[in-house]
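Q: So the protein lines, in turn, are chains A and B.
Going left to right, the first sequence walks through residues 1327 to 1675 as the numbering used here numbers them.
Going left to right, the second sequence walks through residues 66 to 755 as the numbering used here numbers them.
Using N, Cα and C, we set each Cβ at its ideal position, and we do this for glycine too.
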Amino acid sequence: MAKKDWMVIESELDDDQIKVLNATNDKSIIVSGCAGSGKSVLALIKAQRIQKEKGNNYQIIVFTKALCNYMNAGRKSLGLNKDFYYHWHWKNRLGCPSADYVIVDEIQDFTEDEITDFINSTNKNFFFFGDTAQSIYEGLKDTLPVENINYTFHANAKPFSLYRNYRLPRPVAKIVQYVGVDLDGFDIDTYKSKETATPHFIQYDSLSSQIKAITRMISNGNVSDVGILLPHNEDVKKVSDILNTNRNNHELKYEDKDNWRNSINNLDFTTENPKVMTYHSAKGLQFGTVFLPAVESCESDSDRKALYVAMTRTYRNLFVMYSGNLPFPLSNVPRDLYLTTEKTEVEDI
Amino acid sequence: MSSDSISPKAFYSKRSFGYSRWTSIPENPFENAIILYDSMRYFERPQSDLEDHALLIKISVEEQEVKALNNGSFYCDHTIYLSPTTTSFLFFKEKDKITTLSMSDSSLESKVIKLYNRQILSINRPNDVYSSLETNKEPCLLNVTELDKDWHTNKMKGLLYGYYIGALLSANKKDVKQLNTLKEIHNIFAAILSSFNRTPTIQQNEQLENLFDLRQPKYQELALLLNNEQLFNTIVNWDKKYNTPQNSNKDYYLSLLYSEIKEETENPAISWIKNEIEKQQSKMKVSANPLDVFSEEIVIVDNRLEKCCFTNDELGKKLLFAWVNDNFSRKEVDGKINTFRDEFAKQITLKAKEIIGEEDWEKHPVRKYLNELRHHIAGDAFNQKWQDGLLSSISAVILKGENWENLLSFMQSKELTNYKMAFAFYGILNGYANLTRDFTDILYDYSDKGYVWNVYKEFYGQLHHISLPELKKENIQFVEKHPEIETSSVNNSDKQTKEIPECLQPVFNSDAFKKMKSEAQDWYREKTLDLWPKFGQNTEVLISKLKKLQSDPMAKGKKGWGKWKDCIKSLEATKPRKRSAQSQQQGTLFDPKQEYPIGEYFYNDNNVWIHIEPIVVPDSRKEKVKKEIEWIQEVHQKGGYFLKDGTFTECKEIDNESVIKHFYYNNKNKIEEPLLTDVCKKLKELYHVK
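1. Put L654/B into one of helix, strand or coil per three-state DSSP.
2. If you draw a straight line from the C-alpha of D1341/A to the C-alpha of K1579/A, how long is it?
3. Between the stretch 1646-1659 of chain A and chain B, which residues of the former have a C-beta closer than 9 angstroms to a C-beta of the latter?
4. Going by DSSP in three states, T210/B sits in which element: helix, strand or coil?
5. Reducing DSSP to helix, strand and coil, say where T1640/A ends up.
6. Against chain A, does I663/B count as a neighbour if the rule is that its beta carbon must be under 9 angstroms from one of theirs?
7. Starting from L121/B, trace the beta strand (DSSP E) both ways and give me its first and last residue.
8. Pick from F1613/A, S1519/A and T1350/A: whose alpha carbon is nearest that of N1451/A?
9. Pull out every residue of the stretch 1485-1500 of chain A whose Cβ sits closer than 8 angstroms to any Cβ of chain B, in chain order.
10. Going along chain B in order, which residues have a C-beta closer than 7 angstroms to the C-beta of S1337/A?
11. What residues from chain A crowd round G444/B, counting only those whose CB sits closer than 7 angstroms?
12. Which whole-angstrom value is the C-beta distance of M66/B and K176/B, which I expect to be below 8 angstroms?
13. Mind checking if G1405/A is an interface residue toward chain B, Cβ cutoff 9 angstroms exclusive?
14. How many whole angstroms separate the CB atoms of L1555/A and V1616/A, which I take to be in contact at a CB cut-off of 8 angstroms?
15. Enumerate, from N- to C-terminal direction, the unbroken beta strand (DSSP E) stretches of 3 or more residues contained entirely within the stretch 73-120 of chain B.
16. To the nearest angstrom, how far is it from the Cα of L180/B to the Cα of N519/B?
17. Are the stretch 167-175 of chain B and the stretch 1374-1382 of chain A touching by the rule of at least three beta carbon pairs closer than 8 angstroms?
18. Looking at the unbroken alpha helix (DSSP H) that takes in S458/B, where does it start and where does it end?
19. What residues match up with Y1427/A in a beta bridge as DSSP calls it?
20. Please confirm whether V1502/A and M1603/A have their CB atoms less than 9 angstroms apart.
21. I'd like to confirm the pairing. Which residues does DSSP put opposite N1491/A in its beta bridges?
22. Quick one, which of H440/B, D391/B, C716/B and H217/B has its alpha-carbon nearest E419/B's?
23. How is Q129/B classed by DSSP in three states: helix, strand or coil?
24. In terms of alpha-carbon separation, which member of E1673/A, Y1664/A and E1668/A lies closest to K1495/A?
25. Do you know whose CA, among G1456/A, Q1385/A and T1469/A, lies nearest T1448/A's CA?
26. My assumption, with CB atoms under 8 angstroms, is that R439/B sits in contact with V1549/A. Please give the rounded CB distance.
27. Looking at the unbroken alpha helix (DSSP H) that takes in Q268/B, where does it start and where does it end?
28. Which residues in chain B have a C-beta closer than 7 angstroms to the C-beta of Q1374/A? List them in chain order.
29. Excluding the 5 residues flanking D1674/A on each side, which residues of the same chain have their C-beta closer than 6 angstroms to its C-beta?
30. When Cβ atoms are compared, which residues of the stretch 247-273 of chain B fall closer than 8 angstroms to chain A?
31. Answer with buried or exposed for R642/B, where buried requires no fewer than 16 other C-beta atoms within 10 angstroms of its C-beta.
32. What three-state label does DSSP hand I71/B in the structure shown?
33. Ignoring anything shorter than 3 residues, give me the beta strand (DSSP E) runs that lie fully in the stretch 151-238 of chain B, in order along the chain.
34. For K1609/A versus L1470/A, is the C-beta distance shorter than 9 angstroms?
35. Quick one: which chain A residues come within Cβ less than 7 angstroms of I163/B?
36. Under a Cβ-count criterion, where at least 16 other Cβ atoms within 10 Å of its own Cβ denotes burial, should V682/B be classed as buried or exposed?
Pasting the structure below:
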């Protein structure tokens, strides 16, 4: 079962996270944090505190429906009474309702006008969480950098920054430095996950063999909480067909830009089914094991940025799978940072 | 609140478990010692954008535990273990208390707050203010021996909690199979719902057919009897060929899966299956079989496992004791198993080899099993049989012990039923301080609070050699609400004159009891009154113990067993069917409204009845009103219902106002006034409908 803890283990928090956690609810805040820094959890904890101390007059808004479903899975753990909204629903179905306290996650994905809506709908204080470095909607919409919000709106919200990444295992962090574009300087100490599994880059003779390998590893019980992330929409269709042929239950997230009726967006994070989607769709999500089949088709610079997002979705295992040649920039990753086989050798005792 | 203790500040950063970030304040400046004052005084914290509130902890300690400092202050160089009977947490402002408790809500480690709820108070400001200690010089060196002892105590406390919680999570095979069936249906439904054409594949259809068959009681029984999937499928197919198949409802739920619903609403088929899973899990929770505290099934002495009855075979015992006392107790074995599972599997294999001996090791089945486990961790399949026992328990923890829910789910998927040892391993692996609240709540939230107290008391005795007081019998179930403690217990010599508790009166006033011979009457009365203090708060357990009196060797020759069975029936008749809101208010540690908060939507709120029940009078109408509420919720969850003529009536409007209105009109001729209006009024109030 896909599972995420939505509560905190104080002993594992760093000083910056503690500051956000201990900030009073009587002042607006803007929290800027890198991927995996625990922003979403802190956002939900803010909601929990508001509910307990100020009542139910609050709302939580996120950008995508997938992230909304994902965060809704944490609602029960925290005993939150209010449903979470994804932006389209909040704006178009509900007409931007106001609340005393407004909490928005992934604020970096919103435009100035959209952020204006949030601020206008706030009666008392807002709590924004985001990270400009994670915005992958460049060219698609004119998003407002997180650090510009206070200045643009004369908001006087207290800013907080989270620097440490708690999701990404160090062995994966070392690799993605070769993949990301315009990244800050690499400092291994900012990666706090204790996971040790070495990533795998494995060559297969075809896409079908790659999917068979995934099926085998899942049925062996070696991996769980699986995300199968693909470069393009058409790959999602292909992989789904192969999984069906192999009798594997799975769930899809698929966007059909020509006919929205064909889009699928019903991921259920309480099942054990592998989730299959594009790199873009995986934004904001995390999985115990991330499989990246068909990476050979990543070619452009925008693919590269999306590939970085996909590789950083794992909190434990990463399997990069390809047929033919390993594409750039993965071909530049030093050979000692990854394994090239599914299994490691063990000697009997 | 994570370790149920308070320690010198330096302990937290050095002992590698629990919270480690503390700030010194002038009133409590030392690193190596806890400062204690002999009386309550006032202090305050400076204004800040961050939450920072003054808190006093009031404890009672033995004189020999502390050393005098000056001006009525003392210090202690070791951990003081707290207990709800000797500790209070005091705030000077109510707001400080509310904020602190609210912040603790999100904390997974702050697990014992509920035990202390009655002892967390806001008090009037005392007149005296803390004066400076006039020294910042440490009064003592760091007590390294106590620090080490703390570490071991924390590990063993985790082991004990894990074992007892494992007992509460253990289940019978039938229930586990049923849960797996439901989860599998959920997986398939979710897969169909997010597939391209939202239509099951041929394989999914076949799987669903089998799974829905498995929901039928006769096939559930057959599956248990045969325990052979292939044979089971053959017989089911044969049965379906010659007998009219019962309607499994598969097609109905599949049709719900296809129904068009609002984008933001959960699919009714998914809601249904999630609800079925929750119901099954609740059923398993209710039928939990707590470990008898007085059976001494697991015993810790001087921070080592001394006795454990989990396995009876000699080799199993040797392995168990060696793994716990040698392997799990090593300092590097701490928490996140997935970061060192290959090395740990190697260490337990080496330990097994040491115990079994070089000579026998080569062909020993344990060698084969553990080496295969190691290959599995490296990526191979695992072909060893999963069965309740030591090897499966340790394998499950090594493979899935990263968190307790995954571990439980994994063991259930393997159809294991006894989880005591696996969770004991999980407990010692993490240590008590790092166990999360959702895990320990399985014990703390157990309905019989007398049992919870007895377990807590037992652990305290085993780990700290301190005997906590008994609770008064009449207060045993609400530790928090009426925590008066009495130190005396019932004198064994006055059994004959013991007062018979009110709820046992039906037994001894029954005609059947009166017809028993006086010798038998005395014997059964004495035995019952012996059992009452231990199990009196759980009628079901008490009844099962009373039924077992027949097999008591001392019962031989006591005629009247048949009559005794009739006496027990009179007790069974008084057994509460379910926890009512009223009984919770009287008998639990918590406010039911907090424990069962009202949801946002009436149509899918499982807690609504808890809130409605108290207003339904007379009691004879409760069942009817409950049934009608459940019906209205069900049809809105499913999106509608079938009329007798087979037509489907849709119930698409799921907002609270519409559902309450539907409830009202549906019951106009079923529930009399003013009861119906009262219920609707309450529903509107609960769901904020004007």
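A: This is what the structure gives:
1. Low confidence applies to L654/B: its pLDDT is 31, below 50, so where it sits in the model is not reliable, and the reading given next is rough at best. The answer is coil: DSSP assigns L654/B none of H, G, I, E or B.
2. Rounded to the nearest angstrom, the two C-alpha atoms are 37 angstroms apart.
3. Cβ proximity to chain B below 9 angstroms picks out nothing from the stretch 1646-1659 of chain A.
4. Secondary structure at T210/B: helix, using DSSP grouped into helix, strand and coil.
5. Note: T1640/A maps to strand in three-state DSSP.
6. Interface residue, yes.
7. Following the DSSP letters along the chain, one finds L121/B inside the beta strand (DSSP E) bounded by residues L120 to I124.
8. Measuring from the Cα of N1451/A, the nearest candidate turns out to be T1350/A.
9. Of all residues in the stretch 1485-1500 of chain A, none has a Cβ within less than 8 angstroms of some Cβ in chain B.
10. In chain order: G83, Y84, S85 and E174.
11. Residues of chain A whose Cβ lies closer than 7 angstroms to the Cβ of G444/B are, in chain order, N1548, E1668, K1669 and T1670.
12. Cβ-Cβ separation between M66/B and K176/B: approximately 7 angstroms, consistent with a contact (criterion under 8 angstroms).
13. Closer than 9 angstroms to some Cβ of chain B, the Cβ of G1405/A qualifies, so yes.
14. The pair is a contact, with the Cβ atoms about 6 angstroms apart (cut-off 8 angstroms).
15. Complete beta strand (DSSP E) runs here, min 3: 99-102.
16. In a straight line, the C-alpha of L180/B is about 13 angstroms away from that of N519/B.
17. The stretch 167-175 of chain B vs the stretch 1374-1382 of chain A: in contact.
18. First-last of the alpha helix (DSSP H) with S458/B: L455 to K465.
19. Answer by DSSP bridge pairing, in chain order: Y1384/A and N1451/A.
20. No.
21. Bridge pairing for N1491/A: Y1517/A [DSSP].
22. If we check each option's Cα against that of E419/B, D391/B comes out closest.
23. Correct three-state label for Q129/B: helix.
24. Before going on, a small fix: residue 1495/A reads as Pro here, not Lys. For P1495/A, the nearest C-alpha among the options comes from Y1664/A.
25. Among G1456/A, Q1385/A and T1469/A, the Cα nearest to that of T1448/A belongs to Q1385/A.
26. Actually they are not in contact, since the Cβ atoms of R439/B and V1549/A sit about 17 angstroms apart, beyond 8 angstroms.
27. It spans I267 to D278 - the alpha helix (DSSP H) in which Q268/B sits, taken as one unbroken run.
28. Listed by position along chain B, the residues whose Cβ is nearer than 7 angstroms to that of Q1374/A are D170 and S171.
29. Nothing meets the Cβ criterion.
30. Those residues of the stretch 247-273 of chain B placed with their C-beta closer than 8 angstroms to a C-beta in chain A are K248, H251, N252, I253, A255, A256, L258, S259, S260, F261, T266, Q268 and Q269, ordered along the chain.
31. Here the model assigns R642/B a pLDDT of 41, short of 50, so the residue's position is not dependable, and the following value carries that caveat. So R642/B counts as exposed.
32. The DSSP-derived three-state label of I71/B is strand.
33. 152-156 and 185-187, all fully within the stretch 151-238 of chain B.
34. Against a cut-off of 9 angstroms, the Cβ pair of L1470/A and K1609/A comes out as no contact.
35. Identification of chain A residues near I163/B by a Cβ-Cβ cut-off of 7 angstroms yields E1379, ordered along the chain.
36. Counting Cβ neighbours within 10 Å, V682/B comes out exposed, since fewer than 16 surround it.
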